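FYI, the numbering for the sequence shown is 18 to 259, going by the working numbering. The next block holds one structure in the form of structure tokens; read it before the comments.
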Amino acid sequence: MSATQAPVPESLLKKRKSLEKLKAEKAAKSLQEKKDRRQKRIDIFKRAEKYVAEYRKQELELVKLRRQAKKEGNYFLEPEPKLAFVIRIRGINQVNPRIKKILQLLRLRQINNGVFVKLNKATINMLRLVESYVTYGEPNLKSVRELIYKRGFGKVNKQRIPITDNSVIEGVLGKFNILCVEDLVHEIYTVGPRFKEASNFLWPFQLNSPKGGLVDKKIHFIEGGDAGFRSTAIDKLIRAMN
Numbered sequence: 018m019s020a021t022q023a024p025v026p027e028s029l030l031k032k033r034k035s036l037e038k039l040k041a042e043k044a045a046k047s048l049q050e051k052k053d054r055r056q057k058r059i060d061i062f063k064r065a066e067k068y069v070a071e072y073r074k075q076e077l078e079l080v081k082l083r084r085q086a087k088k089e090g091n092y093f094l095e096p097e098p099k100l101a102f103v104i105r106i107r108g109i110n111q112v113n114p115r116i117k118k119i120l121q122l123l124r125l126r127q128i129n130n131g132v133f134v135k136l137n138k139a140t141i142n143m144l145r146l147v148e149s150y151v152t153y154g155e156p157n158l159k160s161v162r163e164l165i166y167k168r169g170f171g172k173v174n175k176q177r178i179p180i181t182d183n184s185v186i187e188g189v190l191g192k193f194n195i196l197c198v199e200d201l202v203h204e205i206y207t208v209g210p211r212f213k214e215a216s217n218f219l220w221p222f223q224l225n226s227p228k229g230g231l232v233d234k235k236i237h238f239i240e241g242g243d244a245g246f247r248s249t250a251i252d253k254l255i256r257a258m259n
């Protein structure tokens with residue numbers, strides 16, 4: 018005669034049911050997250066394509082206007098630069114406290130630090146006051162992209178975090194619809210409405226000393242030195258220091 022099977026305790030049945038429910042919920046959540054990640058990658062790719070088309074259109078428009086002006090015998094006035102990349106090239110021992118304060122406001126606390134700056138009347142005046150200690154110019158799209166991809170660090174909870182994943186950007190700038198590296202590059206390069214937040218998110222770039230060294234830090238660029246405004250020649254210096 019077989020022994021009668023002992024009934025399973027009700028508490029154990031409830032525990033099993035709860036575990037099965039949690040397992041099912043976890044599986045459903047994992048599947049949804051996978052779908053969301055796939056959709057996000059598609060959206061990011063579409064954004065990147067849109068930005069490439071936008072940059073190309075701007076470039077073609079400028080070429081068209083230059084050709085039109087040349088054909089009509091006129092001089093084409095290039096659009097005013099909106100963005101500058103500023104690099105500190107000298108120390109500040111025994112200098113005016115005002116100069117020190119401006120360099121602090123620009124977040125240029127160390128030699129070879131670099132930052133993106135929106136050009137307006139106030140920032141242009143600040144840069145003129147510290148011209149002897151910095152060099153700056155108008156970076157092109159390639160320079161902006163290379164700096165962010167190669168030397169980009171974000172400020173997350175006041176900590177310097179490398180931008181190794183789009184989630185680092187989305188966690189801080191997602192509320193401004195800046196979700197990936199290409200969004201960040203676009204906001205910086207075009208000096209968009211959220212430039213301030215995007216620029217403050219980026220930790221000051223820590224660049225290498227330029228290959229071959231600088232010519233003369235104390236002489237202005239237009240006089241054969243390195244200090245002050247250098248227009249589009251900043252791209253060559255960025256390549257040497259990046």
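Glycine is no exception: its CB is placed at the ideal position from the N, C-alpha and C atoms. In this text the structure is predicted, and so the values were computed from the model without any measurement.
Cβ neighbour criterion (16 or more within 10 Å) applied to residue i
i    : result
S160 : buried
G245 : buried
R105 : buried
Y206 : buried
D200 : buried
D252 : buried
R54  : exposed
F133 : buried
V103 : buried
R162 : buried
R247 : buried
F238 : buried
G90  : exposed
A215 : buried
V189 : buried
I186 : buried
I195 : buried
Of the listed residues the options, nearest to residue i (C-alpha basis)
i    : options                  : result
E78  : P96, W220, E199 and K51  : P96
D8   : K175, K192 and G171      : Not covered by the structure: residue 8. The range shown for the chain is 18 to 259.
Y153 : A257, T249 and K40       : T249
F222 : Y92, D252, L125 and K253 : L125
G191 : R33, K32 and K57         : K57
W220 : I178, V103 and I128      : I178
K167 : R73, N259, Y92 and A215  : N259
A101 : E155, L36 and N91        : E155
V69  : N217, L158, V151 and L82 : L158
G131 : N113, T140 and V151      : V151
Residues near residue i by beta carbon distance below 8 angstroms, same chain, minus five either side
i    : result
P26  : none
L146 : R115, I116 and I119
K213 : K135
I165 : I180, V198, L201, V202, I205 and L219
M143 : I119, L122 and L123
K227 : A small correction: the amino acid at residue 227 is Pro; Lys does not occupy that position in the sequence shown. Hits under 8 angstroms: L254, A257 and M258.
I229 : What sits at residue 229 in the sequence shown is Gly, not Ile. Contacts found: A257.
L128 : Reading the sequence as shown, one finds Ile at residue 128 and not Leu. Around I128: R105, I106, R107 and G108.
N225 : N129, M258 and N259
I236 : G242, D243 and A244
E66  : none
E37  : none
Span of the alpha helix (DSSP H) around residue i
i    : result
I186 : N183 to L190
R73  : E27 to K88
Residue i - containing beta strand (DSSP E), residue span
i    : result
I104 : L100 to R105
Any chain D beta carbon closer than 9 angstroms to residue i
i    : result
N194 : Note that chain D does not occur in the displayed structure, where there is just one protein chain.
Contact set for residue i: own chain, Cβ-Cβ below 6 angstroms, skip 5 residues either direction
i    : result
S149 : A244
I61  : C197
Q85  : none
R211 : F193 and E204
P24  : none
Cut-off 7 angstroms between Cβ atoms - residues of its own chain near residue i, not counting five sequence neighbours on either side
i   : result
E71 : none
P98 : L136 and E155
K32 : none
**Study point:** Segments of 4+ residues assigned as alpha helix (DSSP H) that fall wholly inside the segment 120-189
**Key:** Within the segment 120-189, the complete alpha helix (DSSP H) runs of at least 4 residues are 138-146 and 158-168.
Exercise for review: Within the segment 204-250, note down every full alpha helix (DSSP H) run reaching 4 residues or more, in order along the chain.
Suggested key: 212-218
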